[in-house]
Amino acid sequence: MAPKGRGLPGGRAPAQQGFASTAYQAITSSDNRSVVTSIAFFAAGVAFLSSSWSEFLLPPL
Numbered sequence: 001m002a003p004k005g006r007g008l009p010g011g012r013a014p015a016q017q018g019f020a021s022t023a024y025q026a027i028t029s030s031d032n033r034s035v036v037t038s039i040a041f042f043a044a045g046v047a048f049l050s051s052s053w054s055e056f057l058l059p060p061l
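If you count the sequence shown from 1, position 49 lands on 49 in UniProt numbering, and the numbers rise without skipping.
Given below as structure tokens:
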């Protein structure tokens with residue numbers, strides 16, 4: 001008879017998390033809050049400057 005493997009009680013293996021849930025937990029972590037905020041503001045600035053709304057920054061002629 002083959003030996004039984006050692007694992008968690010009940011013979012279940014721990015559930016592995018998917019990529020999306022791992023990424024979400026990393027983004028929402030309080031350790032990464034300043035990095036995520038900086039990237040978000042940078043992306044918003046690039047989006048603003050590449051849009052037609054950036055014409056409001058030009059001085060009137």
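Quick reminder that beta carbons are idealized off the backbone N, C-alpha and C, glycines included. Keep in mind it's a predicted model, so treat the numbers as computed, not measured.
Asked	Found
I'd like to check one pair, I27 with V35: are the Cβ atoms closer than 7 Å?	no
For the alpha helix (DSSP H) containing S29, list its first residue and its last residue.	First-last for S29: undefined, no H or E at that position.
In the structure shown, what three-state DSSP assignment does L57 receive?	helix
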